[in-house]
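>
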Amino acid sequence: MSDTKINKLLEDWNWNASVFEMYDDIRNMRLMPSDLSRLMTKCYKYFNKESQIKDLAEHLRVDTSSWA
Numbered sequence: 186m187s188d189t190k191i192n193k194l195l196e197d198w199n200w201n202a203s204v205f206e207m208y209d210d211i212r213n214m215r216l217m218p219s220d221l222s223r224l225m226t227k228c229y230k231y232f233n234k235e236s237q238i239k240d241l242a243e244h245l246r247v248d249t250s251s252w253a
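Residue numbers (this note's numbering): 186 to 253.
Printed below as a string of structure tokens:
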């Protein structure tokens, strides 16, 4: 997944999507683990380190140990 696609997706979600809608979108994308990790890391930063985003990432088995 390109950075442009990730940024577009984040802009589409831009505080209007619930974490459940994000989960459905992500699940339906069937991303490779590396793309999923990049998406969730950018998402976490984009949404000002919102704890629900971190919880979602952990549920999706993304390694969040390096996140502040």
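From the three backbone atoms N, C-alpha and C, an ideal C-beta is built for every residue, glycine too. Bear in mind the structure is a predicted one, so any value in this text is a computation, not a measurement.
Just curious, the alpha helix (DSSP H) that T226 is in, first and last residue?
Here the question's residue 226 lines up with position 41 in the sequence shown. First-last of the alpha helix (DSSP H) with T226: P218 to Y231.
> What residue from W252, V247, S251 and A253 has the CA that sits closest to D220's CA?
The residue given as residue 220 occupies position 35 in the sequence shown. Measuring from the Cα of D220, the nearest candidate turns out to be V247.
> Could you say which of L194, K190, K230 and M225 lies nearest to E243 if we only look at CA atoms?
Counted from its first residue, the sequence shown places residue 243 at position 58. Nearest C-alpha to E243: M225.
> Quick one: residues in its chain with C-beta nearer than 6 Å to the C-beta of T249, no 5 flanking neighbours on either side, listed in chain order?
In the sequence shown, counting from the first residue as 1, residue 249 sits at position 64. Same-chain partners within the cutoff: K239, A242 and E243.
> Out of K227, I191, S203 and N199, which has the shortest C-alpha to C-alpha gap to M214?
Indexing the sequence shown from 1 puts residue 214 at position 29. Closest option to M214, Cα to Cα, is I191.
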